[in-house]
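Visitor:
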Amino acid sequence: MAFDFKVALLSAFGALSFASLAQAQEFITIGTAGQTGVYYVVGQSICQLVNRESAENGLKCTAPATGGSIANLNGIRAGDLNFGVVQSDWQYHAMNGTSTFEDAGPNGDLRSILSAHADIVTVLARTDADIATIQDLKGKRVNIGNPGSGSRATAEVLLDAVGIDTTDLALAAELKSAEQSAALCDDKVEAIMFSAGHPVGNITEATVSCETRFIQVDGPEVDELIEATPYYAAATIPAGLYRGQKAEIRSYGPLATLVSSTNTSEEAVYAVVKALFDNFERFKKLHPAFANLNEGDMITNGIMAPLHDGAIRYYKERGWM
């Protein structure tokens, strides 16, 4: 009986210890986008670095695929997500209650953490589609992206700027990023519109699977968009990044940013930022779009909402503020 009592006592102690450990660990979620896009890589990469240090920071990080920027911002506001990777333009609109967020009103709890790569507005067309300019999209079958994604909302802004309504398209497809390359190569759509850091998997897939051409996204209407907003900047896709792409592609776009809210603790945000920047060289190797990032730009550019206290704490410790 004494032996059984000891076994039972040790088992109970072990169970209590495990329960205490599980209770002490804080679970955090980063909203990303489709699995073939760079936002998914951003979230997964950050979680990888955070989870490497779980014993010290007490966090368990997950980064599921989501609908994209607008879905992430709505998820943060609803308390369903702790963090989200979002385009800087939609961060701005969520903070100020404008555009898509006009009905919801300003989100005063939204907080910036950092920015990452440029999300370049990209238009890729079939070579047999007779599309040479943005204006040529009128009357064509075009994937503008799934509702809830930043790509979709940004595509609508661009089309409106050049005088094209979605009703002017022969088809305004609402495919997710993971679906659009196959649709393009199967001739279900003649062009796709997508905002992303480059290189990105679904664009690579399309360029190697069928004959495509990149469309230059420039002109006076684009210049006016850039000049009229605090979140767009001119950008280019370097020549030779994809099969058949011999020339640099002129475009523009927002920055990818990481945001949270005042409802996420200072300790959690501090731990996430610390995990990333303490392992910055490792992070930069996790995707080609991260290769040229630098800390100074990441804590200043694309910051449309106030910085989170947890981020400020780390940046001050590093002497960056």
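If you use mature numbering (1 follows the signal peptide of the UniProt record, and there is no 0), the sequence shown corresponds to residues -24 to -1, 1 to 297, in order.
Virtual Cβ for every residue (Gly too), placed ideally from N, Cα, C.
If you're wondering where the values come from, they're calculated on a predicted model, not measured in any experiment.
Looking at GLU78 and ALA117, is the spacing between their C-beta atoms short of 7 Å?
Guide: Contrary to the premise, residue 117 reads as Arg rather than Ala in this sequence. In this structure, GLU78 does not lie closer than 7 Å to ARG117 by Cβ.
Visitor: Along the chain, where does the alpha helix (DSSP H) containing SER127 start, and where does it finish?
Guide: Here the alpha helix (DSSP H) through SER127 covers 126 to 137.
Visitor: Return yes when the Cβ of SER237 is within less than 7 Å of the Cβ of ALA211, no when it is not.
Guide: It is not a contact, given that the beta carbons lie outside the stated cut-off.
Visitor: Report back the beta-carbon spacing between THR76 and ALA148 to the nearest angstrom; my notes put them in contact at under 8 Å.
Guide: About 17 Å separates the two Cβ atoms, so there is no contact after all.
Visitor: Just how far apart, CA to CA, sit THR42 and GLU224?
Guide: Going from the Cα of THR42 to the Cα of GLU224 covers about 31 Å.
Visitor: Given a cut-off of 7 Å, decide if VAL61 and VAL193 are closer than it, judged by their beta-carbon atoms.
Guide: No; because the gap between Cβ atoms is not below 7 Å, this pair is not in contact.
Visitor: Report the three-state DSSP secondary structure of GLN67 (helix, strand or coil).
Guide: GLN67 falls in the helix class under three-state DSSP.
Visitor: How about ARG117: is its Cβ closer than 6 Å to a heavy atom in the ligand SAM?
Guide: Summarising the ligand content, the structure contains no ligands, and the ligand SAM is consequently not present.
Visitor: Could you say which of GLY139, GLY124 and SER88 lies nearest to GLN111 if we only look at CA atoms?
Guide: Per the Cα distances, GLY139.
Visitor: For MET297, count neighbouring Cβ atoms within 10 angstroms of its own Cβ and tell me buried if that reaches 16, exposed if not.
Guide: Result: exposed.
Visitor: In the DSSP assignment, what are the bridge partners of LYS36?
Guide: Paired residue(s): PHE3.
Visitor: Cα separation between VAL26 and GLY73?
Guide: If you take the alpha carbons of VAL26 and GLY73, they lie about 32 Å apart.
Visitor: Measure the Cβ-Cβ separation of GLN67 and ASP95 and say whether it is below 7 Å.
Guide: The answer is no: Cβ separation not under 7 Å.
Visitor: Pick out whichever of GLY10, GLY13, THR5 and THR12 has its Cα sitting closest to the Cα of LEU24.
Guide: According to the sequence shown, residue 24 is Gln rather than Leu. Comparing Cα positions, the closest option is THR5.
Visitor: Going by DSSP in three states, ILE225 sits in which element: helix, strand or coil?
Guide: Residue state, collapsed to three classes: strand.
Visitor: Going by the beta-carbon positions, is the gap between GLY10 and ASN48 smaller than 7 Å?
Guide: Against a cut-off of 7 Å, the Cβ pair of ASN48 and GLY10 comes out as no contact.
Visitor: If you draw a straight line from the C-alpha of residue 307 to the C-alpha of GLU243, how long is it?
Guide: With the chain represented from -24 up to 297, any question about residue 307 goes unanswered, as that position is not in the structure.
Visitor: Tell me which residue opens and which closes the alpha helix (DSSP H) that LEU100 is part of.
Guide: Unbroken run through LEU100 is the beta strand (DSSP E), 96 to 102; no alpha helix (DSSP H).
Visitor: Distance, Cα to Cα, LEU135 vs PHE266?
Guide: Going from the Cα of LEU135 to the Cα of PHE266 covers about 29 Å.
Visitor: Let me check understanding here. Comparing Cα to Cα, which of ASN239, CYS186, ILE202 and PRO230 lies closest to ARG219?
Guide: Measuring from the Cα of ARG219, the nearest candidate turns out to be CYS186.
Visitor: Pick out whichever of SER45, PHE59, ILE46 and ALA54 has its Cα sitting closest to the Cα of CYS37.
Guide: When only C-alpha atoms are compared, the closest one is PHE59.
Visitor: I need the boundaries of the beta strand (DSSP E) containing SER171, first residue and last residue.
Guide: It spans 167 to 172 - the beta strand (DSSP E) in which SER171 sits, taken as one unbroken run.
Visitor: When the Cα atoms are used, what is the spatial distance from VAL198 to ASP65?
Guide: Taking the straight line from one Cα to the other gives about 15 Å.
Visitor: Going by Cα to Cα distance, which pick from ILE120, LYS260 and ARG294 is closest to LYS250?
Guide: Selected option, being the one with the closest Cα: ARG294.
Visitor: If I follow the unbroken beta strand (DSSP E) through THR233, where does it start and stop?
Guide: Unbroken beta strand (DSSP E) run through THR233: 231 to 237.
Visitor: Does the beta-carbon of VAL(-18) have 16 or more other beta-carbons within 10 angstroms, so that it is buried, or is it exposed?
Guide: Per-residue confidence for VAL(-18) stands at a pLDDT of 46, beneath the threshold of 50, marking its modelled position as unreliable; the derived number appears in the next sentence. Exposed: under 16 other Cβ atoms inside 10 Å.
Visitor: Helix, strand or coil: which one does DSSP assign to LEU262?
Guide: DSSP places LEU262 in coil when its eight states are reduced to three.
Visitor: Indicate whether SER153 and THR240 have their beta-carbon atoms separated by less than 7 Å.
Guide: No; because the gap between Cβ atoms is not below 7 Å, this pair is not in contact.
Visitor: Based on DSSP bridge pairs, tell me the residues matched to SER75.
Guide: In the DSSP output, where bridge partners are listed per residue, SER75 has none listed.
Visitor: What are the start and end residues of the beta strand (DSSP E) that includes ALA149?
Guide: Residues 147 to 149.
Visitor: Mapping DSSP to helix, strand and coil, what is ARG53?
Guide: It is helical.
Visitor: Report the residue from TYR208, GLY124 and PHE259 whose alpha carbon sits nearest the alpha carbon of VAL17.
Guide: Among TYR208, GLY124 and PHE259, the Cα nearest to that of VAL17 belongs to PHE259.
Visitor: From the DSSP secondary-structure annotation, give me the bridge partner or partners of ILE213.
Guide: BP columns for ILE213 point to ILE225.
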